[in-house]
Structures are given as C-alpha cells and as structure tokens.
Amino acid sequence: SGGEGYLKKEKKKINELKDGKLLAGSYEGIEIYDADKKRFSDIGKNEFPFDRVNLFYREGADSIWVLTESGNFVKCSGKGKAVKAFNFPKLLGIDKEIPLRTVVKDNKGKFWIGTWGYGIIIFDPANERIEQIKSDENRSDGLKSNLIISMYKDNSGIIWIGTDGQGINKYDYKKHKFG
797 SGGEGYLKKE KKKINELKDG KLLAGSYEGI EIYDADKKRF SDIGKNEFPF
847 DRVNLFYREG ADSIWVLTES GNFVKCSGKG KAVKAFNFPK LLGIDKEIPL
897 RTVVKDNKGK FWIGTWGYGI IIFDPANERI EQIKSDENRS DGLKSNLIIS
947 MYKDNSGIIW IGTDGQGINK YDYKKHKFG
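Read the sequence shown against our numbering and you will find it ends at 975, with the numbers running on by one and no gaps.
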C-alpha cells in the first residue's frame, strides 16, 4: 500500500522514528511515512503482528512502546520493528481483550497503563512483572473508576488519573496511596 503523501487508512497516532521517518498507527496496524519518498509503507505482519494501535510512548531514541486495543504492550525498535510484546489479558488470566488507553512512567521506571474497563496495569520492564489496580466501591481511598481516559505524572511524582464519569484521581507515590 502507499500513496502520494497520505494513505486512505485512518491514522490514530503518529510518532517520529530515529531516522526522521514517521511511525503511524491505526486500527489496521502500523505504517511508516518516508517524507523523502512522500509515501506510507506497511511494516508488515512479520515485523509487527499487531493491529488496532491506540497509542505510542517514546522511550529515548531507541525504543517506542505501542499500546493496542486488544491489550498488547509492544516494545519496538527506533525503526518501528516489534522487539518484545506483552499480552496483558493472557498475563492476567483474563479471557477478553483489555483496551490500553494511556500510559505514564513513574519515578521507579514502571509503566502505569490506563485501560478501558480494567483499571490500571502497572508493568515493571526490569523484571517483566505486572500488577493490576481496580476500583473498589467499598474503599474511599482507592481508584474511583476502571474507565481510564488519561494519566499525567507531575514533577513531584504524583500520578493524576482522568476517568470517565468519576473525575480525577491522584496517586501519591511517596505515600503509596490514592488521594
């Protein structure tokens, strides 16, 4: 596939690669835009066998993490090739897709990944362990909703969590609790 400067597929997210090309994600997978050639090209299912891209997260010059609608958290090289993939539904023992919506990295290097319907997944790339935080209506000091829309880490390390219908939560990393 390709086109003169654009592709007819809907692009949801775009990120710049190490070589200046653009990585474009959609519900149909990932493609690379080469400005010199003025065209998109598919990476191909052998190099990136995932579709329904929701978000890119750049980690330095040499890697990009991809969040998918089905629950895959995929580390890609600076050229867009999938290096390692983590299937969160499988790792959590859930027999359904887990839509990954947003991500921040905390002060300890762990990824906080907001999901649609499954709360927050905390992934530690150092040991490849995951932990899940879900809302609990019986706790006043916990996560207020499992429908996570956005997250932001401020300069003091507090993680702010935007939810659908339950406002904004904050997690104070120093106190290890929601406020």
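Backbone N, C-alpha and C define an ideal beta-carbon position, used for all residues, glycine too. Note that the coordinates shown come from a computational prediction; the quantities given were computed from them, not determined experimentally.
Excluding the five sequence neighbours on either side, which residues of its own chain have a C-beta within less than 6 Å of the C-beta of glycine 958, listed in chain order? Ile945, Ser946, Ile964
Are the CB atoms of leucine 818 and isoleucine 826 within a distance shorter than 8 Å? no
Which whole-angstrom value is the C-beta distance of lysine 875 and aspartate 815, which I expect to be below 8 Å? 7 Å
Simplified DSSP state of lysine 817, which is helix, strand or coil: coil
What's the gap between the Cα of tyrosine 969 and the Cα of asparagine 903? 8 Å
Which whole-angstrom value is the C-beta distance of lysine 930 and leucine 943, which I expect to be below 8 Å? Between leucine 943 and lysine 930 the Cβ distance is about 11 Å, and since that is not below 8 Å, they are no contact.
Phenylalanine 869 versus asparagine 951: straight-line alpha-carbon distance, rounded: 25 Å
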